[in-house]
Each structure stands twice: as structure tokens, then as C-alpha cells.
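All remarks here apply to the structure that follows.
2 protein chains.
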Amino acid sequence: MKDVAEQAGVGIKTVSRVVNGEPGVTPETMARVLTAIQDLGFRRNDSARTLRTGRTGAIALLVEQVADPFSSALTGAAEEVASRHGTLLLTGSCRDDPHRERELALAFCARRVDGIIVVPAAADHSYLAPEMAAGLAAVFVDRPPVDLEADSVLADNAGGARRGVEHLLAGGHRRIGFLGDSETFYTAAERLRGYHEAVAGAGLTVDPRLVEMDALKPGRIDLALARLLDGPAPATALFTGNNRLTVEVLRRITGRPGRPALVGFDDFELADLLTPGVTVIAQDPAGLGHTAAELLFSRLAGDASAPHRIVLPTRLIPRGSGEAGPAHR
Amino acid sequence: MKDVAEQAGVGIKTVSRVVNGEPGVTPETMARVLTAIQDLGFRRNDSARTLRTGRTGAIALLVEQVADPFSSALTGAAEEVASRHGTLLLTGSCRDDPHRERELALAFCARRVDGIIVVPAAADHSYLAPEMAAGLAAVFVDRPPVDLEADSVLADNAGGARRGVEHLLAGGHRRIGFLGDSETFYTAAERLRGYHEAVAGAGLTVDPRLVEMDALKPGRIDLALARLLDGPAPATALFTGNNRLTVEVLRRITGRPGRPALVGFDDFELADLLTPGVTVIAQDPAGLGHTAAELLFSRLAGDASAPHRIVLPTRLIPRGSGEAGPAHR
DNA sequence: CTGAAAGCGCTTACAG
DNA sequence: CTGAAAGCGCTTACAG
Chain A
1 MKDVAEQAGV GIKTVSRVVN GEPGVTPETM ARVLTAIQDL GFRRNDSART LRTGRTGAIA
61 LLVEQVADPF SSALTGAAEE VASRHGTLLL TGSCRDDPHR ERELALAFCA RRVDGIIVVP
121 AAADHSYLAP EMAAGLAAVF VDRPPVDLEA DSVLADNAGG ARRGVEHLLA GGHRRIGFLG
181 DSETFYTAAE RLRGYHEAVA GAGLTVDPRL VEMDALKPGR IDLALARLLD GPAPATALFT
241 GNNRLTVEVL RRITGRPGRP ALVGFDDFEL ADLLTPGVTV IAQDPAGLGH TAAELLFSRL
301 AGDASAPHRI VLPTRLIPRG SGEAGPAHR
Chain B
1 MKDVAEQAGV GIKTVSRVVN GEPGVTPETM ARVLTAIQDL GFRRNDSART LRTGRTGAIA
61 LLVEQVADPF SSALTGAAEE VASRHGTLLL TGSCRDDPHR ERELALAFCA RRVDGIIVVP
121 AAADHSYLAP EMAAGLAAVF VDRPPVDLEA DSVLADNAGG ARRGVEHLLA GGHRRIGFLG
181 DSETFYTAAE RLRGYHEAVA GAGLTVDPRL VEMDALKPGR IDLALARLLD GPAPATALFT
241 GNNRLTVEVL RRITGRPGRP ALVGFDDFEL ADLLTPGVTV IAQDPAGLGH TAAELLFSRL
301 AGDASAPHRI VLPTRLIPRG SGEAGPAHR
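Respectively, the protein sequence lines represent chains A and B. Each residue of the first sequence is one higher than the last, beginning at 1 in full-length UniProt numbering. Each residue of the second sequence is one higher than the last, beginning at 1 in full-length UniProt numbering.
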């Protein structure tokens, strides 16, 4: 900028004005400056600008794993909002490692991002408290923060699972197996809660032998399915607590005689192309990302109200796998 | 840092030494400094550091659209490499808009990223030349740069397509339809070239009525399929030039009597669960991301050799859809 | 082992 | 309309 000023024969502040589109520069002066900028291939150094203004024009997003469909849909939506606000998005994958979440989040803070969106892996987010006190805006997505007052945007996990199980109940099923991830995950616990509510709501008691948590642990899924389907009183329908479980279960029940009905939590691509189509409770990862990013920007714009907790609805998409009654067994 | 120095009763440089783990500080001094850091909740401001050192410890990745599976696999792999190098990854989606690619790339340059990985959308990358002259490392992925000397990491598009078409030829097909994206895309043109090579290699002449490019334009796919399959001399097999085409074609031929054989370029999740399983030429998006990132870091580490052009192999995965002969029609 | 001074490239707050 | 001075928070190059 100094070089540009010299070459154009103006003060450094005038160059700054031109670069930032500030008013109060004669057209001729501006032309001279622009020429000098061209000639020298000048580009503003945003680090210096950040250092002075305290704002980076960047926000960070921490997800579980960028490469999975849920995260990438969420990321895409957040990126769209960020770009609309002229803001850059920095991303990081925590890989469900609490330590890594913390490390990444603090690295982003050291870079002085204006705000951060976190799909939390950690069980304690108090480490962000000093950052927030220093002005960081933070929004949690998919799972609420622990030991920290902050905004969160969640899917209606319990309501969605309840709806899915009610759908199976309405089809005449009385023995519905539930396959879930570890209960230490907020989402898994909530979905299990929805299952309980639906079963109880139908006047039935939950048979603990129909609930298989931690089903994604190595080797567990075959065991779980054997227990659910091969006993003396087998389940006639299954509700799977997430995407990966749905797919893994499908791999194992496809072509099986007396195949149980199936409803899965979370939609996935090609669910409609399988035979039969897979009935799911669709959540809205793009909606989560979009809402979280908008909320973050409203905080950055000065909204200082009490932390919000926004819950996005889910919806049932019947496609065939969840509509077969128990009779055919 | 000044505050910490004051509180600890040391010089500012000593604090810097402690923060950066530089040697030459007494244990006692270090303890005093660390305590002060704790008390004040101090965290180094990386903008200031960047301003002084000229290195950000961040690289940028521009993809077509973070939310699609190809891009997210690529991003995930690049992120893994970056994190292993203690480097942050900034991402942006160009959405196939040349203007946006340029804008984003230059915004990242203004932030002084150490390097940039680009899945190019633009038809002219000379805008990066001044940046590269100023020390920016750049690697292009999936498509080569235009009007710029730089590293590129590509999939073997022509070879893969040739292999896929040869597979259909080996199954006895003589009329193989090709559905491709716009020929203005490097990848689409290369895959078409592979198709030509395979057909010519079998001693046949390419029937132009069997080639449908621009098939992803609105409304074009139904027209293309009608022309390929409903004429007097229909294709008995199809080769689809990308993922989205494969899925769209599947939606339309599933359940169709005399369904043509199908091989698609690029693998996709659940391709094995469909009936029949979908035979594909798998490319390796994670491998592309990984290789590109490693190449970028080798440049950052000082490798100044001539630009590389790395081509990653593809592989055929037979699953059923491509193995039916022409006889059943 | 430790620290004072200069400077990275901008913007802020002024003065003219 | 324009510009000189100060300062953002670090690191570099020295000196002690």
C-alpha cells in the first residue's frame, strides 16, 4: 500500500480509501491509484486489516466429518449464508474426538474468527466461555452445548422417532425393534426417548429385549439383528436410529424371507430407488446449517438476547419399507 | 501479550518465547508466564503473527460444491492432510461459476493463505499468475489449469471410460449409448474420448446418434433416452459419463422391459444395494484430495521442480448392471 | 537467559 | 478532498 501510494504520488490513506471504496476521492486521484494498483499487482493484506479492526470476516464451522452427507449438506448451507454475508468459512472435522474439537476451536479463535458454529463432539464446552466473553459468537448445531450458555439449533429427534414408530404401530406392528447408536450421543438418546414415547403412547410396555443400543460398535449389528429377529418372539418391524444403521440393516435384511418392516431416521440418497423404497424420518441438515449460520450472523449484527434453542421439525416420507404390515410373517 | 508480560513481570519477548515453545527460558520464568497466561485467558493473535511472518498456516480449497459427495470426499482427505501438517483448511464452493471462483480465490489470497487447491470452474486461470509469482503455491484438481503453469492432479477419465465401454463390448454389446455432460467440461470431453477409443478399438465406427452430450441440461435426459432406446436400432447398453447421469438414468430405466445394460462413471453409495447392483468405473475423490494436498505441502516445503501432472487410475467394479448381454432384448 | 526497539501493512482519529 | 501520526499484537534482529 505504501508502494502504491508512492507510485501514485498520493498519501497512504488515500490508497486505503480507494481500496475500500470509501467516498471522498477525486475521480482523477482514484484513477491514478487504480493504475498503480494494477501495475504493482497490489492486493490488500487482510491480516493487517484484521489486526487493526478486530474483525476477520471469517467464521468457522466444526463438524463431525466433512465427508459425510449430513455434514456436507450442513456445510454447504452454512457456506451459502456466509458467502451472502461476504464472509469466508473455515471448516474443520472433529472426527468425534473431544480433544480435537477443542484444539480446532481454539485454533480458529487464535485466528480471531468472528464466530463459530459447532456440531459438538465434546462433553464440556466451558473452554469456549472465555472466548465468548471476549466477543466470540457461537452457535451449536445438532447437539446442545454442555456447561455453556449458547445458542443451539437442533432437529426434533424425539418427535421424529416417535412419529416413525407411530407409523409402524399404525401399520399393526406390536413388536418393533429399535437399533440405536451409543446413548452417550444426545441425538441417539433423544431418538430412543421418542421410541419409548410412541410405544407407551400406544398403551404397550417397552420390551427391553427389543432395544439394541451401541449397534454401530464393531460386530454388534449382526448380533443385534439376530437377537431381534431370530428369537421366539421376533420383531416384525425395525426402527433404525440413524443413516448408517439403516444402510447396514438393509444390507442384512434385503432378500431375507419374512423381511421386517423398516423405518429409518434420516433420509439418504437413493432411498427411493431401492426395492422397496425406504421409509424414513427426514431431518433437514441444510436447514440446520442455514438456520445456525443466520443465527450466528444475527448475533454478529448485535442481537444480544438470551440464548435461543431452535428445534427444526422432521418429516415422515413413506416409500414402502415401512408400510408392510406384520401379517406377512 | 503486553498484559501478560506486565502481569508476569517479564519482557514481552519472553512471553513470545513461552507461547511459541522457544528454548531459553528458566523454568521459574516460564511458570510465572504460564500462570499469567491462564489468569488473563490470553491466546496468541495469529493475525499479528501472520502479518509479521508472512505465513498463515492455512491453505484454501475451492471445490464445485461442498455438499456433493465427490467434493466432500475430496475435502475430507485434504483436510486430513492439512491437519497432519498443523495447517487450517479454508473452503469455498465455486458452484461452477467462473466469476465466483476468481473472487473466492482472490479473497483467500488477500488472507494470504500459504497455498490453494482448486477444482477449477473457470476457463482462464491467469489471474493467479501474479499471486504465484508472489509465492502462492497452487495445485489444480480434477481439471487442469488453463493458461497457467501449475501442478494438477487428475483422474484417468479417458482410460476409465474406455475400460467401462470395453467391458460392455466384451459382454457382446455393439450399440452402446453414451450420455455425457457438457463437452466444455474437461472431464466430460475426456470421458467421451475414452468412449471413442474403446469403440474404435473394437473395430467399430462411432454412430453419432448413440452419443448424447449435454444430457444434464433441463429436460434433456428424457429426450436423450428416448432417442437412444426407442428408435429402430436401439442401444443395448448405456455408459453414463457421471454420477448424476447414472442416477437419473437409473430412475428412468428401472423396471423397464428390455432394460439396457449400464456402466456408470464414478461410484456412489448404495450402488451395491440396488437391484441389480450398478457396475461403475470408480474414481478416487479422496485420493485426488490427498494427493493434491500432499503435493501442495511439498511445494510449501520448497520443492521448486517443474509443474507435475499426476493422473490417478480408476477401477472397474462389476456389480450386475453392466454384465447383462444384449441377447435378452 | 532476557528484553528494548523496530517494523509487518493496514485503519482510526485527527488535522488541514 | 487529502495526508501524517499513532497503534493493532506480534516477531525479527540485536544487544546485554
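Ideal placement from N, C-alpha and C gives every residue a C-beta, glycine not left out.
Next on the checklist: Going by DSSP, what residue range makes up the alpha helix (DSSP H) through Thr-50 of chain B?
Outcome noted: 46-53
Next on the checklist: So within the stretch 225-311 of chain A, which uninterrupted alpha helix (DSSP H) runs reach at least 4 residues, ignoring any that extend past its ends?
Outcome noted: 243-253, 285-300
Checklist entry - Nearest-angstrom Cα distance between Ala-282 of chain B and Gly-201 of chain B? => result 22 Å
Checklist entry - Whose Cβ in chain B lies nearer than 8 Å to the Cβ of Arg-315 of chain A? => result Neighbours of Arg-315 of chain A on chain B: none; closest Cβ ~20 Å, over 8 Å.
Item to check | Top-ranked residue by Cα proximity to Leu-296 of chain A, from A:Ala-8, A:Asp-230, A:Val-81 | outcome: A:Val-81
Checklist entry - What whole-angstrom Cβ distance do Leu-154 of chain A and Pro-144 of chain A have, given they're in contact under 8 Å? => result 7 Å
Next on the checklist: Please report the distance separating the alpha-carbon of Phe-239 of chain B from that of Gly-203 of chain B.
Outcome noted: 18 Å
Next on the checklist: I need the straight-line Cα distance from Glu-294 of chain A to Leu-74 of chain B, nearest angstrom please.
Outcome noted: 27 Å
Next on the checklist: On the DSSP bridge list, what partners appear for Glu-212 of chain A?
Outcome noted: A:Leu-179
Checklist entry - Taking 9 Å as the CB-CB limit, is Val-4 of chain B close to chain A? => result no
Next on the checklist: Can you give me the C-alpha to C-alpha distance between Ser-298 of chain A and Gln-65 of chain B, rounded to a whole angstrom?
Outcome noted: 25 Å
Next on the checklist: Which residue wins for smallest C-alpha separation from Val-141 of chain A, given the options A:Ala-133, A:Ala-122, A:Glu-131, A:Pro-130?
Outcome noted: A:Ala-122
Item to check | Chain-ordered residues of the stretch 41-72 of chain B with a beta carbon less than 8 Å from chain A | outcome: Gly-41, Arg-43, Arg-44, Asn-45, Asp-46, Ser-47, Ala-48, Thr-50, Leu-51, Thr-56, Ala-58, Gln-65, Val-66, Ala-67, Asp-68, Pro-69, Ser-71, Ser-72
Item to check | Given Asp-266 of chain B as reference, the closest of B:Arg-252, B:Thr-254, B:Asp-284 once Cα atoms are compared | outcome: B:Asp-284
Item to check | Minimum Cβ-Cβ distance from Arg-84 of chain B to chain A less than 9 Å | outcome: no
Checklist entry - What residues in the stretch 239-258 of chain A have a beta carbon less than 8 Å from any beta carbon of chain B? => result Val-247, Leu-250, Arg-251, Thr-254
Checklist entry - Quick one: which chain A residues come within Cβ less than 7 Å of Ala-107 of chain B? => result Leu-88
Item to check | When A:Leu-300, A:Arg-84, A:Leu-288, A:Val-113 are compared against Leu-312 of chain A, the one with the closest alpha-carbon | outcome: A:Leu-288
Next on the checklist: Please report the distance separating the alpha-carbon of Ala-188 of chain A from that of Thr-246 of chain A.
Outcome noted: 14 Å
Next on the checklist: Please confirm whether Thr-279 of chain A has its beta-carbon closer than 9 Å to some beta-carbon of chain B.
Outcome noted: no
Item to check | Arg-17 of chain A in three-state terms, based on DSSP | outcome: helix
Item to check | Neighbour list for Leu-34 of chain A in chain B, Cβ cutoff strictly below 9 Å | outcome: Within chain B, no residue comes near Leu-34 of chain A; the closest Cβ sits about 16 Å away, beyond 9 Å.
Next on the checklist: Please return the same chain residues whose Cβ sits closer than 6 Å to the Cβ of Arg-193 of chain A, not counting the five positions on each side in sequence.
Outcome noted: Ala-158
Next on the checklist: Rounded to whole angstroms, what is the Cα-Cα separation between Met-1 of chain B and Ser-16 of chain B?
Outcome noted: 8 Å
Next on the checklist: Among B:Arg-44, B:Ala-224, B:Gly-24, B:Ala-58, whose alpha-carbon lies nearest the alpha-carbon of Leu-109 of chain A?
Outcome noted: Inspection of the sequence shows that residue 109 of chain A is occupied by Cys rather than by Leu. Taking only the C-alpha atoms, the option nearest Cys-109 of chain A is B:Arg-44.
Checklist entry - Terminal residues of the continuous beta strand (DSSP E) containing Thr-91 of chain B? => result 88-93
Checklist entry - Which residue from B:Asn-243, B:Gly-164, B:Ala-161, B:Met-132 puts its Cα closest to that of Ala-150 of chain B? => result B:Met-132
Checklist entry - Between Arg-329 of chain A and the rest of its own chain, which residues show a CB-CB distance below 7 Å, the 5 nearest in sequence each way excluded? => result Residue placement at Arg-329 of chain A cannot be trusted, given a pLDDT of 45 that sits under 50; the coordinates are not used to answer.
Item to check | For Thr-87 of chain B and His-290 of chain B, the rounded distance between their alpha carbons | outcome: 14 Å
Checklist entry - Who are Arg-315 of chain A's beta bridge partners in DSSP? => result A:Ala-282
Item to check | 7 Å CB neighbourhood of Val-198 of chain B in its chain, flanking five on each side removed | outcome: Sequence inspection shows Ala at residue 198 of chain B; the Val mentioned does not correspond to that position. Result list for Ala-198 of chain B: Arg-162, Val-165, Glu-166, Leu-169, in chain order.
Checklist entry - Taking buried to mean at least 16 other C-beta atoms within 10 Å of its own C-beta, is Ile-116 of chain A buried or exposed? => result buried
Checklist entry - Excluding the five sequence neighbours on either side, which residues of its own chain have a C-beta within less than 6 Å of the C-beta of His-308 of chain A, listed in chain order? => result Asp-151
Checklist entry - Which residues in the same chain have their Cβ closer than 6 Å to the Cβ of Gly-92 of chain B, if we skip the five residues on either side of it in sequence? => result Leu-62, Leu-104
Checklist entry - Cα separation between Gly-177 of chain A and Gly-277 of chain A? => result 19 Å
Item to check | Neighbour flag for Gly-92 of chain A against chain B, beta carbons, 9 Å | outcome: yes
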